[in-house]
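Peer 1:
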Amino acid sequence: MIQSIDYFAIAPPLILCLVAGLVLLLDAFLPHTPRVRPALGFVTLGGIVAASAFLVAQAAAGRRLGTFCVPADLAASPRPGVQPAGAEPPCSFVVDQFTLIFAGLVLAAGIVVVLLSMTELATGAIPVGEWYFLLLCTLAGAVTLPASRDLVMLVVALELVSLPVFALTALRRYDGRASEAAVKLFLVSIVSTAVMLFGVSLLYGMSGTVFLADLARALTGPVTAPTVVTVGVVLVVAGFAFKIAAVPFHSWAADVYQGAPIPVAALLSVISKAAGFAGLILVLVTALGSQIGTWAPILAIVSALTMTVGNLLAMRQRSAVRLLAWSSVAQSGYILAPLAVQRPEAVSASIAYLVIYAAMNLGAFAVVMLVSRRAARNELDDYRGLAYRSPAAGLTLAFSLICLAGMPPGLAGLFAKVVVFREIVQGSLGWLAVVMAVNTVIGLYYYVVWTARLFTPAPDLERPVRLGRPGLATWAAAGLALGVAVLFSVAPQLVLDVAVLSASG
Amino acid sequence: MSWLLVSLVAVPLAGAAILFAPAMARRGPLRVYGLAVSGLTLALSLLLVATFDYSRSAQPQFEVDREWIPGLGLRFHLGVDGISLPLVVLTALLTFLCFVYLCWGTGREPGQLLAPDSGRPRALVFTLLVLEVGMIGTFVALDLLLFFVFFEVVLIPMYFVIAIWGGAGRRTAAIKFILYTLLGSVVLLLGLLLIWAQTGTLDMVELARAHGAGMARGVQVLAFVAVGIGLAVKTPMWPLHTWLPDAHTEAPTVGSVLLAGVLLKMGTYGFARIAIPILPEGAAAVAPWLGAFAVVGIVYGALACLAQRDLKRMIAYSSIGHMGFVLLGLATLTPTGMNAALFANIAHGLITGLLFFLAGAIKTRYGTAEMPKLGGGMLATLPRLGSVLSYTSYASLGLPGLAGFWGEMLALYSAFQPAPGLPRGLFLAFMAIGGVGALLTAAYFLVMLSRVTHGVPRRRAGASQGAAAAGHPVGVGAHGDQAAEWGDWPWNEARRPVPAGPGSGVSVAEGLGEAKEQREVGGRGEAPVEGRPAAEWPDEEPIDFLAEAGSGDSGTRPEPPRPGPGDLPDIRRYELVAWTPLIVLVLVVGVWPKLLLAVTTPAVQALLGATP
Amino acid sequence: MHIVYPSVLSAVLFSIGVYGVLARRNTILVLMSVELMLNAVNINLVAFDVWLGDRLHGGQVLTLFVIVIAAAELGVGLAIVLAVFRNRATVDIDRLRDLAEGPDEPYAPTAPASEAPAPRRELAETAVRSANSPAAQRAGDRASTGSRGSAGAVASPTEATAPPTDTVEARAETAEPARTDQVEGQAETAGPEAGTAEPVTGQPPPGASATEAPTTEPTVGEPTAGETTTEPTVREKTAREETAGEETAGEKTRATGQSADGGERVGEQPDTRHVRRGGKG
Amino acid sequence: MTDPVPPFLPPTGQEIVFLLLGVVAAGAALLVVTTKHLVHAALWLVLSFGALAGCYLILTAEFVAWVQVLIYVGAVVVLLLFGIMLTRAPIGRSPDLDSRNRVVAAIVALATAGVLITVVVEGFRGAYTPLEPGPGAAKELGSSVFRTWVLPFEALSVLLLAALIGAIVLSRTDIRPGAGRGADPGGAPPPEDGAQAVPDRDEKASPSLASPPTGRSGGK
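Chains as they are written, first to last, in the working numbering: chain W, 1 to 505; chain D, 1001 to 1612; chain B, 2001 to 2281; chain F, 3001 to 3220.
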């Protein structure tokens, strides 16, 4: 053994990968009966739960786990100052608070997505085994990414998150819209990867290392060519901006969300986005913390633009999924805002918002999934009177939307916004706070209008949307998301406290 | 006793939560249920009144202080002092009365939204209970963020009250309401966060005690402007008021009552509780502006009222004027002014609540609240309703001896002697303008009364003439003169049933005397009138005042549909029950203002104590 | 070796890639451009690695990984491109506009609904809708920009019109050769014509639809066709028809039918044949 | 880097070769993005990649160079050619390869080039390294991969597997949408579906690949 590997540390992604392989094998050898489909889903669920269990164990262990560290004899860097003597050799894979939060978020969202896809797959239009396999691969990437502490691992993990999603999007193979969505997602994503990689290459050139901790050390103090670093930072930020659908790289979001199967849209809006933010935070805060003067103003502008454009576009939508897509773009803007504050502690506000956003957005997607099975075009008008036809679905959606809007009784969203506002105000970014305030109102408008639609009786709907029996799985997904959102509403300190601890070390 | 405040918030909340139980779907118990929950809340608030220690009303009592969200520094901190106590009771009372209005009676009348066929009674009860949680919570919260949370809790239920149970233009009105108030809330939140960022605490008591220590003047001004805008939207202050007339006009009766009676108070309460004590320097800097806007609001409200034709809209605009007095009182930054503001708050809550009840009753009877169409002569046709309306209007215009007087008087008086540091000349001007506004207020109420309650009931006479002349459907030819005068008549298209035959449109030519006579005789069914109101109330059971209810009319009551001359029922029992407490309180508070002032004065002095 | 040389080469290659990504509309060409960008990254990484003498070989290892990633991306990407081609018969990015935001997104939601008989309305609606989207946009583009100058000129000789007694006339968009693989047309939006459009929602026998295929929306039965959701308003549609009318040089083209997607393998070949015959004749 | 940087002129032999190869690579790349022939683009890409492989060799990164030849020139380009063929691209000139915003694209690209070149020149003007063969050899690199970079390597294997499965499942045409059309939110009318699923199987599965591109042929 050349390297000693801490299998406990890498257990979650490892399990996910193994279960992915298992699912593929099961799919190949089991007969293709309708009964197998949910069985594979349960295997997938089991894998995610097992991974989560290890995550819990890691959290209980309470110490920072690092593995795949640089061998001691190679650790010394050729460039002075990068690797001070006596420092611990940098590790590629680190499990700390930051990792745990993001991995936990991803796995919980993964459970919801799997539950949603059990309904989506029930009809047999999509090959089941491959679907779950790809889903698990994405999850593995998304769990690995926040643990990555070097650029190589980060790039590979980000690609592991993205690439299976392309295939997942296109997996409804005879649906022109799904293919179209996939092609758009694919092109945008690979271009963004290329852009980001160019930035990474410049950073590597300036620092001579790919480890984030070393990068931070190398870029502190006077840098020989600050412009190169600046351009590198800008390119890296641009690359990640694609992933989180920030303006000006947002245009793919609505098209892709609408064309993709709804579970994939949910995945994109939560898991992919979480991965993107994890990467962004890791690179910016951990590695480029010294360059905060460069990227914080950029992020402030990007954040303001993102929330404004997202909200303005969302306001015009008539399609539920498109509205959610643009609204999630706007929410990305809110999540970005604290990062623009030139204080490292502000990161925890972003993380808290992201976690809460995930819960409420998944709740909304679950109900949209329920409705989409009955309403062909899934427009907002199809939701008229939903609260009377199906009180559970209607109330779940209403709560999720109100949460997203950030008003009581959706306290989770409100507190998330308050935290973000607090960071901005304390960081004396007054103008951003005002922009966000205006945006909050715009957002409230369309969320509330949608919510109101749930409670307006449908005037003899031409195609009354009845919720049939869309499967227990989707209900379970909706219930799970709703439960978490309610939990965060009552006890937001769960996420706030945890996030405070993790200074993303 | 700290459980008292918690239970004040928890009882309606639990009541709302229980509504989710499937068993609550049936309507029978629902009416009793709403009444019971709000009644329990009212009882608790009365218990609060009984056990409140009036000797130290300056301090918050019944305090609860628990940590809620440490990450945000948010504490669950409740307490009640002399300022908030009357408002809490007012809230509980008005909510209870709304439920009385909704739940008593037969439940078939149009104003009673719990009717079996009117859709979603459970949702309405739920909404109102949540509304109550938010309102009471706002008044008892002693943590800035908690205050904000409760402040916001109110919005969504109110939105739904307007948007679902409102009138024809409800969609626009509701959206306007929520957009305005939301924008205000967000600005308010920013202001609160600014205070928080500067002082590091959210505790109102502590902040009020500090009196702005630790905040630079510029910061205070900025925070005061932000918080002030947020609260002023809710109040509403003059340039930010445009949501209010629509919302009040389109909201159902109970919505209007709570909106005017309680929700507007949340804004002024916020000024008294947060903006002025916590940010004294900011308040001193902005107070002249506040006063200016206030008097503009007074005059503007009065002038706008003069131009209104819709009764509800007029009352809504009158609220703007009254809240102008409140703001003027606040702007003086003196204990007298604050007292005036708090007093006017309560008085306005009682009076305007009652006025909206009345307007709702009129609207359900006549199918419109347009004053010209009411035709005048209400004192003749509906003597009880007319007299209560007159009484309330007198109270509202500030007749000495009724509740409305003291607030206005004290506010104007305090403007005579504003706090040191404020430009006295300016405030004297404010006082003068405010005085003019008060006169105008009297003017429009009197105009309204002359249009509605006094005079000959033109409408009926016109109807009979026209109908008799040509056998026209009522309202088309009949009101030719009025149609020319007032433009088209929307309610005609919307609500007038097609008459069955030429005869059905014939109405009695009734003058003032005739109407009285018919009422005395109790002669019903003698002459057909236009069928609209009768069709709306097939089962109406008009009780004439108190004992008259069963005095013999009921025996001879014909079968529905009953085209009688008593086609417009006078005050009914549930309405009477709902209104009597307000009528009494308006008088009591008007006669003994000290009752209220004694409670608020120490608290006001404590809040302003350290002001320079 | 001066490191500036590879760096500048890398910057140049990257810029060329950027140009390709922005300027090309064939998906595969875009892919090639992205490969150029990735190669620019690689040369940077290798040069820096050599320059720095990185003992961990981070740069070169990342280069290797980038190459592998590029290959993997390309594999999946080509599979997706083929899937798109299967469904849409085109790989032009510009034409993948089914999901794009319409120019007038706040449309009147039930605009088409009132025009068709109730029981069949939904079918008619989807037919109309799917027929409209891309063609509409293209027609609109042309009308507004006129930048595809050759469109009108090439279009007119290949126009095919059915006998005047037909309620509908067919017209193939042969303005640009690559576009002919999509039969354009538009179900008539007025009532009776919508009626004619909708009954043939099933798959018509390939040969049988030679004359009427363009209007009968041959691919409604396709899974893809029914899901198109670009939402045209009636006004928009009529505007579009006017455009079409202008293009047919005064002929009153009342309806053009288009198989928006997936038209190729099922209905399109007969249509095209028909069109070409008509064009020559 | 602490060594004194030799002057740029005269260039060494290595540099001259490198620059020539670089010019070839860049020129070929330019042709890739401007040519009107789809197939030519792929062939120019081969040239560009080949020249780059030469550049790697000069930079002493032997292993990378061979991998470049193997994977890029060998696999990627072949893949692209297959893609071109399978999408029935015309062999000859195609007039519509460029979108209309070519000018904008050119401006953006020139701006990018300007910024990047300026920055890079400024940043790495003083960077110089003598080239000694060795560190880029397969042995060195292999040991590095398996000592330090095991984890990304493994992750990459998962990535490749996922790509493989994804590509296969997307390209397989033998799986038809099952009976349950209900999965499609499009809600296409079910009766036709059932009837249609079987007969059109052949037409859907192979035809787009096999049948002659009738529409496109007009373009030549």
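The beta carbon of each residue, even a glycine, is placed where N, CA and C say it ideally should be.
1. Here's a check: name, in chain order, each residue in its chain whose Cβ is nearer than 7 Å to the Cβ of F2014 of chain B, leaving out the five neighbours to either side.
2. Helix, strand or coil for F1224 of chain D? Go by DSSP, reduced to three states.
3. Mind checking if W3149 of chain F is an interface residue toward chain W, Cβ cutoff 8 Å exclusive?
4. Just to confirm the assignment: which complete alpha helix (DSSP H) runs, minimum length 4, are found wholly within the region 1124-1205 of chain D?
5. Give me the subset of the region 2022-2055 of chain B whose CB atoms are less than 7 Å from a CB atom of chain W, sorted by chain position.
6. Mind checking who T1381 of chain D pairs with in its DSSP beta bridge?
7. Taking its Cβ as the centre, do 16 or more other Cβ atoms sit within 10 Å of D214 of chain W, making it buried, or is it exposed?
8. Closer than 8 Å by C-beta to G1169 of chain D: which residues in its own chain qualify, once you throw out the five before and the five after it? Chain order, please.
9. I'd like to check one pair, V1133 of chain D with P1012 of chain D: are the Cβ atoms closer than 8 Å?
10. In the DSSP output, which residue or residues are listed as bridge partners for H2002 of chain B?
11. For Q1061 of chain D, tell me which candidate among D:A1287, D:S1002 and D:W1196 has the shortest Cα-Cα distance.
12. Which one of W:G410, W:K417 and W:A452 has the shortest CA to CA distance from V486 of chain W?
13. Is I3117 of chain F close to chain B? Criterion is C-beta to C-beta, closer than 8 Å.
14. Roughly how many angstroms separate the alpha carbons of L3151 of chain F and W2051 of chain B, rounded to a whole number?
15. Expressed to the nearest angstrom, what Euclidean distance is found between the alpha-carbon atoms of V484 of chain W and V3104 of chain F?
16. According to DSSP, which residues form a beta bridge with H3037 of chain F?
17. Let me know if A2023 of chain B comes out buried or exposed under the rule of 16 or more other beta-carbons within 10 Å of its beta-carbon.
18. Expressed to the nearest angstrom, what Euclidean distance is found between the alpha-carbon atoms of A9 of chain W and L386 of chain W?
19. Can you name, in chain order, every residue of its own chain whose Cβ lies under 6 Å from the Cβ of A1226 of chain D, other than the five neighbours on each side?
20. Buried or exposed, going by whether 16 or more other CB atoms sit within 10 Å of the CB of E1281 of chain D?
21. Pull up the CB-CB distance for L158 of chain W and A274 of chain W, whole angstroms please, since I reckon it's below 8 Å.
22. Are the C-beta atoms of M369 of chain W and some chain B residue less than 8 Å apart?
23. Leaving out five residues before and five after A1092 of chain D in sequence, what residues of the same chain have Cβ atoms less than 6 Å from its Cβ?
24. DSSP beta-bridge partners for E1370 of chain D?
25. So that I know if they touch, is there some Cβ in chain W lying closer than 8 Å to that of G3013 of chain F?
26. Is the beta carbon of L482 of chain W less than 8 Å from the beta carbon of T451 of chain W?
27. Which residues, in chain order, does the region 3027-3046 of chain F contribute to contact with chain B at a C-beta distance below 8 Å?
28. Let me make sure I understand the geometry here. Which of D:L1048, D:K1363 and D:L1449 has the alpha-carbon closest to that of L1379 of chain D?
29. Could you confirm whether any beta carbon from chain W is found closer than 8 Å to the beta carbon of F1445 of chain D?
30. Name the chain B residues that come within less than 7 Å of L3052 of chain F, Cβ to Cβ?
31. Please report how far the alpha carbon of F964 of chain D lies from the alpha carbon of Y1391 of chain D, in whole angstroms.
32. Pull up the distance between the alpha-carbon of L380 of chain W and that of F186 of chain W, whole angstroms please.
33. For V2066 of chain B, return the contacting residues in chain F, with the cut-off set at a CB-CB distance below 7 Å.
34. Looking at C-beta atoms only, is the number of pairs between the region 1013-1022 of chain D and the region 1078-1093 of chain D that lie closer than 8 Å three or more?
35. If you draw a straight line from the alpha carbon of A2011 of chain B to that of I3117 of chain F, how long is it in whole angstroms?
36. Whole angstroms are fine: how far does the CA of L134 of chain W sit from the CA of A3162 of chain F?
Peer 2: In short:
1. Within the third sequence, residue 2014 of chain B is the residue found at index 14, counting from 1. Cβ neighbours of F2014 of chain B within its own chain (closer than 7 Å, five residues either side excluded): M2037 and A2040.
2. The residue given as residue 1224 of chain D occupies position 224 in the second sequence. Residue state, collapsed to three classes: helix.
3. Residue numbering aside, residue 3149 of chain F sits at position 149 when the fourth sequence is read from its first letter. Output row for W3149 of chain F: interface = yes.
4. Fully enclosed alpha helix (DSSP H) runs of no fewer than 4 residues occupy 1144-1153, 1155-1165 and 1170-1199 of the region 1124-1205 of chain D, in order along the chain.
5. The residues in question are T2027, V2030, V2034, M2037, L2038, A2040, V2041, N2044, L2045, F2048, L2052, G2053, D2054 and R2055.
6. On the second sequence, position 381 is the one that residue 1381 of chain D refers to. Beta-bridge pairing links T1381 of chain D to no other residue.
7. In the first sequence, counting from the first residue as 1, residue 214 of chain W sits at position 214. With 16 or more Cβ atoms within 10 Å of its Cβ, D214 of chain W is classed as buried.
8. If you number the second sequence from 1, residue 1169 of chain D lands on position 169. Shown here for G1169 of chain D: same chain residues with a beta carbon closer than 8 Å to its own, the five before and five after excluded, namely D1246, T1249 and E1250 in chain order.
9. As a working note, residue 1012 of chain D is residue 12 in the second sequence. As a working note, residue 1133 of chain D is residue 133 in the second sequence. Between P1012 of chain D and V1133 of chain D, the C-beta gap is smaller than 8 Å, which places the two residues in contact.
10. Indexing the third sequence from 1 puts residue 2002 of chain B at position 2. Paired residue(s): F:Y3128.
11. Translated into the one-based positions of the second sequence, residue 1061 of chain D becomes position 61. For the options D:A1287, D:S1002 and D:W1196, the alpha carbon positioned closest to that of Q1061 of chain D is the one of D:S1002.
12. Counted from its first residue, the first sequence places residue 486 of chain W at position 486. The shortest C-alpha separation from V486 of chain W is found at W:G410.
13. Within the fourth sequence, the letter at position 117 stands for residue 3117 of chain F. True, the Cβ-Cβ gap to chain B drops below 8 Å.
14. Here residue 3151 of chain F corresponds to residue number 151 of the fourth sequence, with the count starting at 1. Here residue 2051 of chain B corresponds to residue number 51 of the third sequence, with the count starting at 1. Their backbone Cα atoms lie some 25 Å apart in a straight line.
15. In the first sequence, residue 484 of chain W corresponds to position 484, counting from 1. In the fourth sequence, residue 3104 of chain F corresponds to position 104, counting from 1. Roughly 47 Å separates the two Cα atoms.
16. In the fourth sequence, residue 3037 of chain F corresponds to position 37, counting from 1. F:R3093, per the DSSP bridge assignment.
17. Residue numbering aside, residue 2023 of chain B sits at position 23 when the third sequence is read from its first letter. A2023 of chain B is buried by the Cβ-count criterion.
18. Translated into the one-based positions of the first sequence, residue 9 of chain W becomes position 9. Translated into the one-based positions of the first sequence, residue 386 of chain W becomes position 386. A9 of chain W and L386 of chain W have their C-alpha atoms spaced approximately 46 Å apart.
19. What you label residue 1226 of chain D is simply residue 226 of the second sequence in a count that begins at 1. Non-local C-beta neighbours of A1226 of chain D in its own chain, meaning closer than 6 Å and more than five positions away in sequence, comprise V1187, L1190 and G1191, ordered along the chain.
20. Walking along the second sequence from the start, residue 1281 of chain D turns up at place 281. With 16 or more Cβ atoms within 10 Å of its Cβ, E1281 of chain D is classed as buried.
21. Along the first sequence, read from residue 1 onward, the residue named residue 158 of chain W stands at position 158. Along the first sequence, read from residue 1 onward, the residue named residue 274 of chain W stands at position 274. Between L158 of chain W and A274 of chain W the beta-carbon gap is near 12 Å, outside 8 Å, which marks them as no contact.
22. Locating residue 369 of chain W in the first sequence gives position 369, where the first residue counts as 1. For M369 of chain W, the closest Cβ of chain B is not nearer than 8 Å.
23. To locate residue 1092 of chain D, count along the second sequence from 1; it is residue 92. Contacts found: T1041, L1042 and S1045.
24. Within the second sequence, numbered from 1, the residue matching residue 1370 of chain D stands at position 370. BP columns for E1370 of chain D point to D:D1310.
25. Position 13 of the fourth sequence, counted from the start, is the residue given in the question as residue 3013 of chain F. No, its Cβ sits nowhere closer than 8 Å to a Cβ of chain W.
26. Here the question's residue 482 of chain W lines up with position 482 in the first sequence. Here the question's residue 451 of chain W lines up with position 451 in the first sequence. No, these two residues do not count as a Cβ contact at 8 Å.
27. Residues A3029, L3030, V3032, V3033, L3038, A3041, A3042 and L3045.
28. For the purposes of this step, residue 1379 of chain D is identified with residue 379 of the second sequence, where counting begins at 1. The option with the nearest alpha carbon to L1379 of chain D is D:L1449.
29. The residue you call residue 1445 of chain D lines up with position 445 of the second sequence. Chain W, which has no Cβ nearer than 8 Å to the Cβ of F1445 of chain D, makes this no.
30. Walking along the fourth sequence from the start, residue 3052 of chain F turns up at place 52. Near L3052 of chain F (Cβ distances below 7 Å), the residues of chain B are N2039 and I2043.
31. Residue 964 of chain D is absent from the structure shown; chain D starts at 1001 and stops at 1612.
32. Position 380 of the first sequence, counted from the start, is the residue given in the question as residue 380 of chain W. Position 186 of the first sequence, counted from the start, is the residue given in the question as residue 186 of chain W. Distance from the CA atom of L380 of chain W to the CA atom of F186 of chain W, rounded to whole angstroms, is 28 Å.
33. If you number the third sequence from 1, residue 2066 of chain B lands on position 66. Those do not exist, as V2066 of chain B stays about 10 Å from chain F at its closest Cβ, beyond 7 Å.
34. No, the region 1013-1022 of chain D does not touch the region 1078-1093 of chain D.
35. Along the third sequence, read from residue 1 onward, the residue named residue 2011 of chain B stands at position 11. Along the fourth sequence, read from residue 1 onward, the residue named residue 3117 of chain F stands at position 117. Roughly 6 Å separates the two Cα atoms.
36. Here the question's residue 3162 of chain F lines up with position 162 in the fourth sequence. Here the question's residue 134 of chain W lines up with position 134 in the first sequence. One C-alpha to the other measures close to 6 Å.
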